[in-house]
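A.B. asks:
Residue numbers (the working numbering), protein chains in the order written: chain A, 1 to 621; chain B, 1 to 621.
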């Protein structure tokens with residue numbers, strides 16, 4: 001069987017709500033919509049950004065920069081001043097980037113050549129800049145102020161946004177006050193948010209940032225929020241372990257209500273609930289974040305308890321929609337989450353209104369394009385000196401890599417350069433004891449250092465030279481300069497380091513970083529940081545002229561997984577192994593058979609639900 | 001002040017036990033030791049590996065491989081068979097690497113040119129292959145069988161290793177049985193392991209792998225193990241939250257007992273204990289993993305309760321020593337941990353004895369050198385399809401990046417190529433909804449897929465087509481082939497995909513991966529996987545001829561942090577800001593002052609310990 005037939009046999013489900021279940025063309029005439037969404041600027045951009053004078057000027061400029069060292073650039077006070085910005089309470093220092101004010105000027109030329117300002121405006125205007133899916137990109141609307149006007153197809157979306165937010169507020173108050181009761185009459189204190197990808201990483205990032213913040217801690221006292229993302233049954237065991245179903249509510253988060261992992265997990269959790277609380281308990285213990293009210297109802301969830309979002313919110317940009325705000329409001333209360341939305345909104349206004357030269361996401365985005373496309377650094381480390389930001393890097397990993405990991409530009413032309421980057425990170429100081437060795441003496445990896453002025457938690461011991469937070473922050477300041485300056489062989493010789501050790505103990509320095517200083521880590525500043533990174537990613541994508549808002553790359557794996565699923569099911573039912581006519585290559589056939597022969601038969605002659613025993617301990621019925 | 005003076009003013013403390021506190025030469029004559037550790041093979045390697053015929057042959061071979069596509073290579077059944085290996089119950093499939101059997105042959109030539117076998121033998125023989133620190137590299141001894149002989153400087157280390165393991169066994173049994181009581185007479189059920197870097201990530205990886213494993217779960221019922229790594233006070237708050245100090249024991253893990261973060265955290269936890277249980281409680285509630293018995297005793301811990309390790313165990317290779325085995329035995333019992341050690345030991349024997357052509361770590365290491373140094377792929381994704389392996393990637397990130405992120409070879413010559421790689425990863429299927437978009441359609445990132453035949457936990461719902469674990473594993477099989485085959489424009493056209501979408505929905509394929517299938521995830525197989533990756537990293541380092549076992553790159557940041565610490569302390573005590581004569585550059589001066597002016601003064605006129613209030617709830621006295 002030809003491989004293409006294998007692919008065609010599969011079904012596609014998409015976490016991000018692509019409504020097209022299989023690769024058959026849309027019946028409506030898309031060509032009209034496509035021309036509508038391809039604005040005149042796109043037509044002008046049909047030549048690659050890499051062919052523009054501005055791009056070439058930057059390429060030529062690389063040689064000048066290669067002759068500089070940060071230790072010299074940092075001695076220029078005027079440059080240091082020009083390359084630090086302060087706005088909205090945030091302080092951001094770009095002076096340790098391998099760039100001069102001339103580089104910035106040239107990057108601004110590139111921004112103009114890429115029509116950056118027009119693209120930003122088009123995004124806020126509701127143009128269907130996500131042209132391959134014919135959608136607007138309006139995650140900024142999910143945190144807009146009530147009085148703002150943000151339109152898709154000429155219709156203001158903000159009232160609908162607030163319609164959902166108001167319902168979330170009312171619902172979360174009911175649940176938190178105990179007015180809403182579970183099937184056995186108890187109030188709900190545990191929330192299990194079932195979702196994957198964009199329905200998981202953003203909410204997890206925000207939850208991790210808030211759970212040690214004093215105001216949010218007060219609001220969440222006695223309450224538990226867990227996330228169930230992976231379809232691995234181990235994740236089910238972990239997520240439900242120790243929870244009393246009588247006091248637990250599950251929030252099922254999937255726009256289409258067809259995401260494979262999420263729906264299997266939802267059915268698993270439903271089974272866990274009903275086996276202990278009865279079939280009728282679903283309505284009291286499960287709610288949904290979805291637009292597919294039909295499937296929600298068929299699942300057994302009251303459509304009244306379905307909270308929607310819209311096609312113009314991409315999954316990885318959805319944490320400010322019901323996707324994040326519902327579970328997080330149940331945990332922290334709506335008031336805290338409003339602060340989070342406000343912070344993101346403040347950054348949105350900044351991004352839209354501020355001239356490019358002082359625009360923080362624009363500067364971050366342009367400098368990262370400089371690092372990636374001109375200095376040739378393919379990776380970026382996100383290094384928050386704050387344990388509460390430990391889930392920032394995994395979230396931005398998705399936002400950045402899923403947005404910009406593209407092989408063609410927005411018009412479908414194969415890119416003559418590599419877009420996107422490889423993002424990773426761990427909180428400081430942990431990373432210093434892990435991978436910083438490589439960043440100091442191996443490959444060059446530009447770093448984003450994030451520091452906090454006032455910690456969420458204070459520890460200060462009277463005999464210590466500094467508080468624990470000060471101890472943490474010493475490193476935030478020191479690492480950026482260590483990377484920038486390095487340590488020369490001359491310095492080591494002057495310290496009488498033995499000759500044979502000198503090469504090993506030398507540091508080339510000249511390694512770029514950006515330092516971002518937040519006044520505190522509150523719901524508000526978490527919102528600011530989120531939007532800062534979202535918009536940085538958009539800037540990169542606009543400059544590279546790619547579509548940062550689709551994700552066709554996730555489709556192929558799903559199609560093939562479907563074929564494997566059928567094979568495994570057949571194999572179990574027909575007690576046979578995979579053979580050469582099943583359409584898998586020889587390696588995969590062997591690998592599949594190793595798997596199939598290693599697994600015991602189902603132990604139960606009659607079909608029945610099988611659960612880890614520890615999850616059924618409560619069983620009050 | 002010259003920057004070098006700033007550096008000299010600082011003190012170095014090292015997580016990994018470098019005994020040298022400041023950059024002054026050792027007083028003893030190191031040249032003798034150095035020549036002893038530079039064996040004849042190193043002298044022969046004074047020319048770079050990149051100058052050898054074997055390296056050049058591989059460089060030339062790249063062009064041949066560039067003309068191939070995995071979809072064709074995978075059609076060659078003989079190749080598929082040759083490039084899959086099975087040993088020790090593990091199944092590993094290399095056939096989706098962009099390599100032919102000729103490539104493997106040329107890689108074996110490179111291995112011989114690099115004296116790989118001799119270097120492996122030298123490691124097991126206890127030669128001081130860590131030449132810059134004049135140390136042997138014998139983490140294999142930490143999991144050796146009792147009767148094995150593994151020598152450093154001619155002295156068998158295995159009896160000492162088992163001396164410590166036997167003490168750990170006895171001690172953990174005492175604590176777990178309740179024979180050991182806390183200061184108020186209660187048994188200990190919570191363990192807080194205080195350590196960072198190698199004293200954290202390895203143990204966390206193993207703990208995460210075991211905590212959902214049924215046998216280990218039974219052994220750890222009612223017990224809690226937490227890790228406190230970051231000096232961020234937020235991590236203290238998280239680690240101690242909800243713990244009753246009467247039932248809690250802290251294990252302080254630092255070879256020198258001077259690691260800044262660990263010791264500050266240890267003093268913090270000591271204060272938490274004594275403020276609630278009295279000064280005398282330290283002996284009942286704190287133990288140490290360290291070789292510095294003097295400082296252990298000064299801290300207030302009974303040296304009887306200090307468990308040692310040795311200079312020939314590097315931090316990132318130390319999980320099989322007391323560093324991991326003590327806290328993990330307290331949680332899971334020594335018997336489970338013996339299984340873990342056995343698994344690692346089995347892989348050690350395999351690594352030492354198996355001919356290169358069938359040697360799993362050798363094949364993995366050579367293929368990754370092929371990917372990094374010849375095909376030019378700087379990153380590697382570690383993608384375990386198992387939620388219990390969610391901490392594998394962070395641990396290997398340290399093992400790999402701290403070992404091989406070097407700029408010079410073992411003789412101090414600047415490398416003419418980039419060693420090391422950028423490692424990252426998330427468990428599947430989560431990663432599919434995050435960064436796989438980039439891996440499918442953006443940059444090429446070689447992937448390690450890890451799958452499990454029998455899951456630790458079973459969930460199977462009677463109306464489902466497959467079990468939850470099968471659903472997970474469908475993706476494990478599908479993703480590797482999706483990356484390898486891609487999807488062509490012709491295929492899309494034949495499926496009537498609209499023209500404008502075809503470029504966006506095309507997949508170039510030809511993206512390499514390795515698939516590793518474990519029979520189950522048990523303590524034993526966790527040990528096997530750990531050692532497999534440790535030895536892969538060593539193979540890479542041996543081929544590149546670098547010292548994978550030192551980490552001088554972590555020093556500079558510590559020196560500078562020390563200077564900042566002094567500055568912050570001065571600033572608080574003398575109520576002044578940083579000025580131009582303090583020796584920091586203009587940008588750092590401004591950044592520091594933003595920090596200093598933003599922080600409130602200490603609120604307490606008298607020095608006293610300050611703690612998050614929630615951590616002092618128990619206060620039974």
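Don't be surprised by glycine CBs; every beta carbon is placed ideally from N, CA and C.
Bear in mind that the values here come from a model prediction, so they are computed numbers and not experimental data.
From the beta carbon of residue 371 of chain A, is the nearest beta carbon of chain B less than 8 Å away?
C.D. replies: Locating residue 371 of chain A in the first chain gives position 371, where the first residue counts as 1. No, its Cβ sits nowhere closer than 8 Å to a Cβ of chain B.
A.B. asks: Using a beta-carbon distance below 8 Å, is residue 184 of chain A in contact with chain B?
C.D. replies: Translated into the one-based positions of the first chain, residue 184 of chain A becomes position 184. Not an interface residue.
A.B. asks: Could you please give the first and the last residue of the uninterrupted beta strand (DSSP E) stretch that includes residue 190 of chain A?
C.D. replies: For this step, residue 190 of chain A is matched to residue 190 along the first chain. Unbroken beta strand (DSSP E) run through residue 190 of chain A: 190-194.
A.B. asks: Taking all protein chains shown into account, decide if residue 350 of chain A is buried (16 or more other Cβ within 10 angstroms of its Cβ) or exposed.
C.D. replies: Walking along the first chain from the start, residue 350 of chain A turns up at place 350. When all chains shown are included, residue 350 of chain A counts as buried.
A.B. asks: Please list the residues of the stretch 534-559 of chain B that have a C-beta atom closer than 9 Å to any C-beta atom in chain A, keeping them in chain order.
C.D. replies: Within the stretch 534-559 of chain B, the qualifying residues are 547, 550, 551, 552, 553, 554, 555, 556, 557, 558 and 559.
A.B. asks: Tell me whether the beta-carbon of residue 323 of chain B lies closer than 8 Å to the beta-carbon of residue 253 of chain B.
C.D. replies: If you number the second chain from 1, residue 323 of chain B lands on position 323. If you number the second chain from 1, residue 253 of chain B lands on position 253. Against a cut-off of 8 Å, the Cβ pair of residue 253 of chain B and residue 323 of chain B comes out as a contact.
A.B. asks: Between which two residues does the beta strand (DSSP E) carrying residue 167 of chain B extend?
C.D. replies: The sequence position of residue 167 of chain B within the second chain is 167, counting from 1. Per DSSP, residue 167 of chain B belongs to no beta strand (DSSP E); it is in the alpha helix (DSSP H), 158-177.
A.B. asks: Compare the C-beta of residue 236 of chain A with all C-beta atoms of chain B and state if any pair is closer than 8 Å.
C.D. replies: Here residue 236 of chain A refers to the residue found at position 236 when the first chain is read from its first residue. For residue 236 of chain A, the answer is yes, since a Cβ of chain B falls inside 8 Å of its Cβ.
A.B. asks: Going by C-alpha to C-alpha distance, which of B:609, B:361, B:391 and B:558 sits closest to residue 85 of chain B?
C.D. replies: Within the second chain, the letter at position 85 stands for residue 85 of chain B. Of B:609, B:361, B:391 and B:558, the residue nearest in Cα terms is B:361.
A.B. asks: Confirm the yes/no value for this check: CB of residue 78 of chain B, any heavy atom of the ligand PLP, distance under 7 Å.
C.D. replies: This structure simply doesn't include the ligand PLP, nor any ligand for that matter.
A.B. asks: 8 Å is my cut-off, CB to CB: does residue 207 of chain A come that close to chain B?
C.D. replies: In the first chain, counting from the first residue as 1, residue 207 of chain A sits at position 207. False, the Cβ-Cβ gap to chain B never drops below 8 Å.
A.B. asks: Considering only their Cβ atoms, is the gap separating residue 456 of chain A from residue 521 of chain A smaller than 8 Å?
C.D. replies: Numbered from 1 along the first chain, position 521 holds the residue referred to as residue 521 of chain A. Numbered from 1 along the first chain, position 456 holds the residue referred to as residue 456 of chain A. In contact: residue 521 of chain A and residue 456 of chain A (Cβ atoms closer than 8 Å).
A.B. asks: Indicate whether residue 285 of chain B and residue 182 of chain B have their beta-carbon atoms separated by less than 8 Å.
C.D. replies: In the second chain, counting from the first residue as 1, residue 285 of chain B sits at position 285. In the second chain, counting from the first residue as 1, residue 182 of chain B sits at position 182. The answer is yes: Cβ separation under 8 Å.
A.B. asks: Starting from residue 218 of chain B, trace the beta strand (DSSP E) in both directions and tell me its first and last residue.
C.D. replies: Position 218 of the second chain holds residue 218 of chain B. Element bounds for residue 218 of chain B: not the beta strand (DSSP E) but the alpha helix (DSSP H), 214-219.
A.B. asks: For chain A, check one thing: does any of its Cβ atoms lie closer than 8 Å to the Cβ of residue 394 of chain B?
C.D. replies: Reading the second chain from its first residue, position 394 is the one you call residue 394 of chain B. Judged by the 8 Å Cβ criterion, residue 394 of chain B is in contact with chain A.
A.B. asks: Name, in chain order, the residues that DSSP records as bridge partners for residue 248 of chain A.
C.D. replies: In the first chain, residue 248 of chain A corresponds to position 248, counting from 1. Answer by DSSP bridge pairing, in chain order: A:190.
A.B. asks: Please confirm whether residue 222 of chain B has its beta-carbon closer than 8 Å to some beta-carbon of chain A.
C.D. replies: Counting from one through the second chain, the residue named residue 222 of chain B turns up at place 222. Chain A, which has no Cβ nearer than 8 Å to the Cβ of residue 222 of chain B, makes this no.
A.B. asks: State buried or exposed for residue 232 of chain A, treating a residue as buried only when at least 16 other CB atoms are found within 10 Å of its CB.
C.D. replies: For the purposes of this step, residue 232 of chain A is identified with residue 232 of the first chain, where counting begins at 1. So residue 232 of chain A counts as buried.
A.B. asks: Can you check which of these residues, B:406, B:443 and B:52, is closest to residue 440 of chain A by C-alpha distance?
C.D. replies: Your numbering for residue 440 of chain A matches position 440 in the first chain. Closest by alpha carbon: B:406.
A.B. asks: Let me check understanding here. Comparing Cα to Cα, which of A:489, A:394 and A:189 lies closest to residue 178 of chain A?
C.D. replies: If you number the first chain from 1, residue 178 of chain A lands on position 178. Here the closest residue by C-alpha is A:189.
A.B. asks: When the distance is taken between beta carbons, is residue 545 of chain A closer than 8 Å to residue 114 of chain A?
C.D. replies: Residue numbering aside, residue 114 of chain A sits at position 114 when the first chain is read from its first letter. Residue numbering aside, residue 545 of chain A sits at position 545 when the first chain is read from its first letter. Contact flag set, yes.
A.B. asks: Is it buried or exposed, residue 155 of chain B, if we count other Cβ atoms within 10 angstroms and call 16 or more buried?
C.D. replies: Numbered from 1 along the second chain, position 155 holds the residue referred to as residue 155 of chain B. With fewer than 16 other Cβ atoms within 10 Å, it is exposed.
A.B. asks: Sorted by chain position, which residues of the same chain lie with C-beta nearer than 6 Å to residue 325 of chain B's C-beta, five sequence neighbours on each side aside?
C.D. replies: Position 325 of the second chain, counted from the start, is the residue given in the question as residue 325 of chain B. Once the five neighbours on either side are set aside, the close Cβ partners of residue 325 of chain B are 168 and 337.
A.B. asks: Under 8 Å between C-beta atoms, does residue 464 of chain B make it to chain A?
C.D. replies: Residue 464 of chain B sits at position 464 when you count from the first residue of the second chain. At least one chain A Cβ lies under 8 Å of residue 464 of chain B.
A.B. asks: Would you call the CB atoms of residue 528 of chain B and residue 283 of chain B closer than 8 Å?
C.D. replies: Numbered from its first residue, the second chain carries residue 528 of chain B at position 528. Numbered from its first residue, the second chain carries residue 283 of chain B at position 283. Result no, Cβ atoms of residue 528 of chain B and residue 283 of chain B do not sit closer than 8 Å.
A.B. asks: I want to verify the contact list: residues of chain B whose CB lies under 9 Å from the CB of residue 308 of chain A, in sequence order.
C.D. replies: To locate residue 308 of chain A, count along the first chain from 1; it is residue 308. Result: empty, since nearest Cβ-Cβ is about 20 Å, beyond 9 Å.
A.B. asks: Taking the alpha-carbon positions, what's the residue 123 of chain B to residue 356 of chain B distance?
C.D. replies: As a position in the second chain, residue 123 of chain B is number 123, starting the count at 1. As a position in the second chain, residue 356 of chain B is number 356, starting the count at 1. So the alpha carbons of these two residues sit roughly 16 Å apart.
A.B. asks: In chain B, what lies closer than 8 Å to residue 420 of chain A by C-beta?
C.D. replies: Along the first chain, read from residue 1 onward, the residue named residue 420 of chain A stands at position 420. The contacting residues are 438, 442 and 443.
A.B. asks: Give every residue of the same chain whose Cβ lies closer than 6 Å to the Cβ of residue 223 of chain B, excluding the five residues on either side of it in the sequence, and list them in chain order.
C.D. replies: By one-based count along the second chain, residue 223 of chain B stands at place 223. Excluding positions up to five away in sequence, the list reads 189 and 331.
A.B. asks: Go through its chain and collect everything with a Cβ distance to residue 38 of chain B's Cβ below 7 Å, but skip five positions before and after it.
C.D. replies: In the second chain, residue 38 of chain B corresponds to position 38, counting from 1. Low local confidence applies: a pLDDT of 43 at residue 38 of chain B is under 50, so the model's placement there is unreliable, and no value is given.
A.B. asks: How about residue 577 of chain B: is its C-beta nearer than 8 Å to some C-beta of chain A?
C.D. replies: Position 577 of the second chain, counting from 1, holds the residue named residue 577 of chain B. It does not; no Cβ of chain A falls within 8 Å.
A.B. asks: Quick check for students: name the residue ranges of the alpha helix (DSSP H) that lie wholly in the stretch 32-116 of chain A, counting only runs of 4 or more.
C.D. replies: With a minimum length of 4 residues, the continuous alpha helix (DSSP H) runs that stay inside the stretch 32-116 of chain A are 40-44, 53-66, 70-73, 77-82 and 101-113.
A.B. asks: By alpha-carbon positions, which one of B:106, B:548, B:147 and B:516 ends up nearest to residue 87 of chain B?
C.D. replies: Start at 1 with the first residue of the second chain, and residue 87 of chain B comes out as number 87. The shortest Cα separation from residue 87 of chain B among B:106, B:548, B:147 and B:516 belongs to B:516.
A.B. asks: Check whether the stretch 313-320 of chain A and the stretch 140-150 of chain A are in contact - that is, three or more C-beta pairs closer than 8 Å.
C.D. replies: The stretch 313-320 of chain A is in contact with the stretch 140-150 of chain A.
A.B. asks: For chain B, find out if any of its Cβ atoms is closer than 8 Å to the Cβ of residue 398 of chain A; answer yes or no.
C.D. replies: As a working mapping, residue 398 of chain A is identified with position 398 in the first chain. Residue 398 of chain A counts as touching chain B.
A.B. asks: Pick out the complete beta strand (DSSP E) segments inside the stretch 230-308 of chain A, 3 residues or longer, and give them in chain order.
C.D. replies: Fully enclosed beta strand (DSSP E) runs of 3 or longer: 248-253 and 286-289.
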